[in-house]
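In full-length UniProt numbering, the protein residues as written are 1 to 317.
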Amino acid sequence: MELTIGIPVYKNVDTLNTALKSIATQKNKEVDCKVIISEDFSTNEIHQQIVQLLEKWTNLQIEYYFNKPALGMSGNWNHCIQLASTGYVALLHDDDFLYSNYLDEVAKVMKSKLRFDVLFWDNDEWADGKKVRRDYHGIKRVYDNLKKGKIKKYKSGDYFFGGLEGKTLPTCGTLYKRDGFEEYEQKYGYSVDEIYAEKLCKKKKIYFYNKTVAVHTYRTETNLSSTYKVKRSFVLEREEHRQSMSNQSWIFRFCNKYLHDGMKLDSMYPWQDCLFPEYMVTKKILNEKKMFNIIKRIYIYSQVFSYKNMKIKNRKK
């Protein structure tokens, strides 16, 4: 079994070293793992630091590419995947790292009966070096336990209702079938990953595997997604794309027609005053938000029946 792990790099030197270490310390011997580093130019100093860092990793099969001018976020994702010569490619962000079970889980997927174009995983989150705790209670805890270690096909409703709690493509270590890969399109702005998944799932086989195999790290003071400008863009881009989905389902059409303002308010939460200070919240909008949240919860919890155990091929005797 062969796998290429593509790491699109921009600025991050220390965390790139951690990412490479997490690949080098994988214990699985069934998967022959290659690494592609595709660096988007930032400064000459950082470029030299990355080159010097890669020279130390002689125990990894690394192919290094330097992009000047820079390709941009989604352009560099595409570049990593397109450069691969193996049947499957994984993407790992330069500020994330893999747990030691990652290649073991990849091997299980490759041995399974599952046929997929894209498969993405659960991951932990670390903010400022500390693990972000996920404390679930009541029905949410039951729901979380029922789907652990299982797999489900990704659907448009998972985007529309936020069914996977923000997990989308590419989470850390997302697997792509190289043959037939469709590019990310930067025209979708900051929501390019979410919209890519929703559009692709209508014509390709996309699965979410609820196994925790990696860690997404970020610093709160430098996290791009935490800026008001980006958060505001997320809300507006989600609003526009949801509207474009009305022809897919009567429930999408109903929500867009009758609960539109409540959906927008739901997307803003809890930053509404900062993101859209001009937005006047009325009792009608609050009621729309409540109704949308009821429909959203019904959708999300009903998805527990979509999660299945991974089927492993029987070995020939």
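For glycine and all other residues, C-beta sits at the position ideal for the given N, C-alpha and C.
query                                                                                                                                                                                   : result
Grouping DSSP H, G and I as helix and E and B as strand, with all else coil, what is Trp121?                                                                                            : strand
Which of the three DSSP states is assigned to Glu194 in this structure?                                                                                                                 : helix
Can you tell me the Cα-Cα spacing of Asn44 and Ala84, whole angstroms?                                                                                                                  : 26 Å
Assuming Ile285 contacts Gly262 under a Cβ cut-off of 8 Å, what Cβ separation, rounded to an integer in Å, is found between them?                                                       : 6 Å
State buried or exposed for Gly173, treating a residue as buried only when at least 16 other CB atoms are found within 10 Å of its CB.                                                  : buried
I think Lys34 touches Gln61, with their Cβ atoms under 8 Å apart; what is that distance to the nearest whole Å?                                                                         : 5 Å
Taking just the CA atoms, how far does Lys21 sit from Ser100?                                                                                                                           : 10 Å
Could you give the residue range of the beta strand (DSSP E) that holds Lys34?                                                                                                          : 32–40
Among Ser191, Lys11, Thr217, which residue has its Cα nearest to the Cα of Glu240?                                                                                                      : Ser191
Compare the Cα-Cα distances from Ser244 to each of His260, Lys231, Arg232 and report the closest residue.                                                                               : His260
I need the straight-line Cα distance from Gln52 to Asn59, nearest angstrom please.                                                                                                      : 15 Å
Relative to the C-alpha of Pro270, which residue among Tyr228, Lys257, Thr282, Val142 is closest?                                                                                       : Tyr228
For Ile81, which beta-bridge partners are listed by DSSP?                                                                                                                               : Paired residue(s): none; Ile81 is not in a bridge.
Within a Cβ cutoff of 7 Å, which residues of the same chain sit near Lys68, ignoring the five residues on either side of it in sequence?                                                : Phe41
For Arg232 and Val89, which I take to be in contact (beta-carbon distance under 8 Å), what is that distance rounded to the nearest angstrom?                                            : Not quite, the Cβ-Cβ distance comes to about 33 Å (not below 8 Å), so this is no contact.
Should Asp32 go down as buried or exposed, given a rule of 16 or more other Cβ atoms within 10 Å for buried?                                                                            : exposed
Is Cys80 near Lys155, with beta carbons less than 8 Å apart?                                                                                                                            : no
Please work out which residues of its chain come closer than 7 Å, Cβ to Cβ, to Asp158, disregarding the five sequence neighbours upstream and downstream, and give them in chain order. : Leu164
Quick check: what's the CA-CA separation for Asn78 versus Tyr184?                                                                                                                       : 7 Å
Quick one: Cα of Ile36 to Cα of Leu16, how far?                                                                                                                                         : 12 Å
Taking a contact to mean a Cβ-Cβ separation below 8 Å, would you say Lys147 touches Tyr307 in this structure?                                                                           : yes
Please report whether the beta-carbon of Gly163 lies at a distance below 8 Å from any beta-carbon of chain B.                                                                           : Absence of chain B from the displayed structure is noted, only one protein chain being present.
DSSP three-state label for Asn12, please.                                                                                                                                               : coil
Just the C-alpha distance for Phe181 and Asp117, rounded to the nearest angstrom, thanks.                                                                                               : 8 Å
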